[in-house]
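For reference, the structure is listed below as structure tokens.
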Amino acid sequence: MIRRFELSEMDVLMALWLESTIAGHPFIAESYWRESESLVRNVYIPQSKTWVYLQQERLVGFISVMEKQFIGALFVAPSCCGQGIGGALLEQAKAEYPALSLEVYQKNRKAVHFYHRHGFHIEESAWQEETQHPTWIMGWQAGQKR
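Quick note, in the working numbering, the sequence shown goes up one by one and the last residue is 274.
Shown next, in the form of structure tokens:
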């Protein structure tokens with residue numbers, strides 16, 4: 129089941145974010161993510177429109193859209209990957225917005241492939257100064273061909 133995030137779920141959501149982001153980005157020091165946690169908790173999540181995916185009443189995934197079109201986070205519990213949860217959350221965001229964009233690390237090939245499968249296209253290359261890794265800016269628009 130997908131529904132809007134409730135503030136009372138912040139601790140659970142942040143634990144999922146930390147576990148998933150560390151697992152999904154083994155090429156970035158774990159300390160970077162731990163140091164970023166308060167920024168995500170206190171700035172990014174509160175400023176975003178966030179949906180959560182519940183499986184047997186347990187929060188196992190979420191998507192956060194910032195500034196009405198930028199996907200700032202899409203994470204699924206590592207134990208639940210491959211079950212269609214990420215795709216369902218992405219479809220929820222697509223139903224709300226006519227266009228979406230995101231930034232993904234180029235080394236995160238699994239995520240890049242996932243976004244391609246869901247109709248996103250690479251628009252430009254960028255550099256993430258804080259982590260010293262290249263990223264792709266990807267975009268999707270309703271009605272565009274895959």
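Beta carbons: idealized from backbone N, C-alpha and C, even for Gly.
Distance between beta carbons of residue j and residue i, contact taken as under 8 Å
i	j	result
phenylalanine 133	tryptophan 161	At roughly 20 Å, the Cβ-Cβ gap does not stay under 8 Å, so phenylalanine 133 and tryptophan 161 are not in contact.
glutamine 234	proline 206	Contact doesn't hold; Cβ gap of about 21 Å is too wide.
leucine 218	glutamine 197	With a Cβ gap of about 13 Å, leucine 218 and glutamine 197 do not count as contacting.
histidine 203	glycine 212	The sequence as given places phenylalanine at residue 203; histidine does not occur at that position. Not confirmed; about 15 Å, so no contact.
leucine 187	leucine 144	6 Å
Minimum C-alpha distance to residue i - residue among the options
i	options	result
serine 192	Ser253, Lys238, Leu141, Trp255	Leu141
glycine 271	Pro226, Gln260, His241	Pro226
phenylalanine 155	Ala254, Asn236, Ser229, Ile199	Asn236
lysine 238	Gln183, Ala223, Leu182, Gly210	Gly210
glutamine 256	Phe242, Glu231, Ala221, His244	Glu231
leucine 182	Ala201, Ile130, Phe248	Ile130
tyrosine 243	Trp264, Thr259, Glu258	Trp264
proline 174	Ser148, Trp145, Met194, Glu185	Met194
glutamate 163	Glu258, Ile199, Ala151	Glu258
alanine 221	Glu185, His246, His153, Arg169	His246
methionine 138	Glu165, Ile150, Thr149	Glu165
For residue i, three-class secondary structure by DSSP
i	result
isoleucine 191	strand
glycine 212	coil
Where residue i falls, given that 16 or more other Cβ within 10 Å makes a residue buried
i	result
leucine 167	exposed
leucine 135	exposed
valine 171	exposed
alanine 157	exposed
serine 176	buried
alanine 201	buried
serine 148	buried
Q | 3-residue-minimum beta strand (DSSP E) runs that sit fully inside the segment 222 to 268, ordered along the chain | A | Whole beta strand (DSSP E) segments, 3+ residues: 227 to 233, 249 to 256.
Q: Taking only runs that begin and end inside the segment 152 to 203, name each unbroken alpha helix (DSSP H) of 4 or more residues, in chain order.
A: Taken in chain order, the complete alpha helix (DSSP H) segments of 4 or more residues contained in the segment 152 to 203 are 158 to 167.
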